[in-house]
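Residue numbers (my numbering): 10 to 328.
All remarks here apply to the structure that follows.
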Amino acid sequence: MKKKIGLGTWAWGNELFWKYNQNSDKELRDTLQEAIKRGFSIIDTADSYGTGKFSGRSEQLLGNFLSEIPKSQKRKIQIATKLAPYPWRIGKKGFIKPFFSSLERLQNELDIVQLHWSTAKYNPLQEVQLLENLSDLINEGYHFKIGLSNVGPKRLQKLIQFLGTKNKVISYVQVQFSLLSPDIKKQRILKRVCEQNNIKFIAYSPLSFGILCQDPSFINKTKKSFLRNSIFKAYDHSTLELRETIKKIAKSRSVSMAQVAVNWCSYQGAIPLVGLRRKSHVVDIAQVLKWDLNKDEYERLEDSAKNCKKLPGNPFSSN
Ligand SMILES: NC(=O)c1ccc[n+]([C@@H]2O[C@H](COP(=O)([O-])OP(=O)(O)OC[C@H]3O[C@@H](n4cnc5c(N)ncnc54)[C@H](OP(=O)(O)O)[C@@H]3O)[C@@H](O)[C@H]2O)c1
């Protein structure tokens, strides 16, 4: 399979965790343009991205920026959003309004619609009906592929079967997948189910919010939100050995620590979905397409990650 990389836009409009500021919009536009130029495959957003007065901001910015790019340059890129199964979005028409709102914000640039999280733990019928809603929309002539997020292997198999009864397939699954992810064994089982069913497996937060590219010799506290600084501090000690290994590999290959952490995902056949808001980071991450980790490097990373404290998982993730 050809190596692929995705660009994530959770930070675009998020003040609380990512300290979004409207003054950065020009940089975000450059980030997107550079990613398209450098052969990124997927741009991922969600209808819940954007906090407070910036509600819907990520989709909106993406829609605006995409409208400025000629069609010929966008042919190879897939635009993916995630619709949130909020408790009030219920029944077989629960996604109608959110779907059309996303379509409007994205100015009709929408190729993949994903269920943002599984409702199996508290309302199993809800997600089934919302997926039926997506299937009906496709039958009505809207062209998009269906994806899932924060789903477990058992539930995925049930949902594949359900959509099969509607002659539909699941094309993408995205879950947290990085050297600091919790439940890595479960995620690998999930990945196997994906492979058996021709589903593309997307690794979100591949840099663990940036912790994995933090130089082990110092903590850079600048420009981060209070929340993000607290997380970096909480994981500083237990990730030290891992970050030293990442740094050594990076140095020996003359690449960045970020490239090493992202290539750990690619080595396993996952599509890394990297959160990006700076053109310079796109330029750096695009280099991942040009080299691969070898077996020894992969094993050293695995070994160093063993004793790290793992990040919290998505509380809704199903079994
Ligand atoms: N489905 C879900 O529930 C879910 C949950 C989380 C995320 N996601 C998706 O996955 C995407 C990525 O995950 P994420 O945003 O959590 O974080 P991430 O990709 O693990 O980390 C992103 C951060 O790493 C830093 N970074 C990126 N490239 C770098 C480079 N080359 N050198 C140094 N630092 C670099 C940047 O920090 P600075 O910008 O501060 O420099 C960036 O904001 C999201 O945007 C979203 O689309 C989905």
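Note that the Cβ used here is the ideal one computed from N, Cα and C, for glycine as well.
- In the displayed model, Thr90 falls within a strand according to three-state DSSP.
- Bounds of the beta strand (DSSP E) holding Ala212 are Lys209 to Tyr213.
- A direct Cα-Cα distance of roughly 13 Å separates Arg287 from Trp27.
- Each residue's CA atom was taken as its position, placing Gly72 and Arg114 some 6 Å apart.
- For Val269, the enclosing alpha helix (DSSP H) has its first and last residue at Met266 to Tyr276.
- Looking at the DSSP output, Val178 sits in no beta bridge, so it has no partner there.
- Counting the other Cβ atoms within 10 Å of the Cβ of Glu118 gives 16 or more, which makes it buried.
- 8 Å or more divides the Cβ of Leu140 from the Cβ of Leu188.
- Within the stretch 235 to 269, not a single complete beta strand (DSSP E) segment reaches 3 residues in length.
- Closest in C-alpha terms to Glu24, from the list Arg38, Ile51 and Ser57, comes Ser57.
- In this structure, Leu282 places its C-beta atom within 8 Å of the C-beta atom of Ile51.
- In this structure, the straight-line span from the alpha carbon of Arg47 to that of Ile14 is close to 10 Å.
- With fewer than 16 other beta carbons inside 10 angstroms of its own, Glu204 counts as exposed.
- At the C-beta level, Leu92 and Phe108 come within 8 Å of one another.
- The stretch 113 to 144 contains no complete alpha helix (DSSP H) run of 4 or more residues.
- Taken atom to atom, the span from the alpha-carbon of Ala55 to that of Gly156 is near 12 Å.
- Assignment of Gln223 by DSSP, reduced to helix, strand and coil, places it in the coil class.
- Taking 8 Å as the cut-off, the beta carbon of Gln185 is found no closer than this to the beta carbon of Asn303.
- DSSP, reduced to helix, strand and coil, places Pro107 within a helical segment of the structure shown.
- The closest heavy atom of ligand 1 lies 7 Å or more from the beta carbon of Ile179.
- Contiguous alpha helix (DSSP H) elements confined to the stretch 283 to 327 occur at 288 to 295 and 304 to 314, taking only those with 4 or more residues.
- For the options Ala129, Lys175, Asn159 and Tyr131, the alpha carbon positioned closest to that of Leu143 is the one of Lys175.
- Judged by their CB atoms, Arg252 and Pro225 are nearer to each other than the 8 Å cut-off.
- Distances between the C-beta of Gln183 and the heavy atoms of ligand 1 include at least one below 7 Å.
- For the set Gln268, Arg237, Ser265 and Lys315, the Cα lying nearest the Cα of Glu250 is the one of Lys315.
- Look at Asp53 here: in three-state DSSP terms it is strand.
- In the DSSP assignment, Lys13 falls outside any alpha helix (DSSP H), carrying neither H nor E.
- A residue is called buried when at least 16 other Cβ atoms come within 10 angstroms of its Cβ; Pro215 meets this threshold and is buried.
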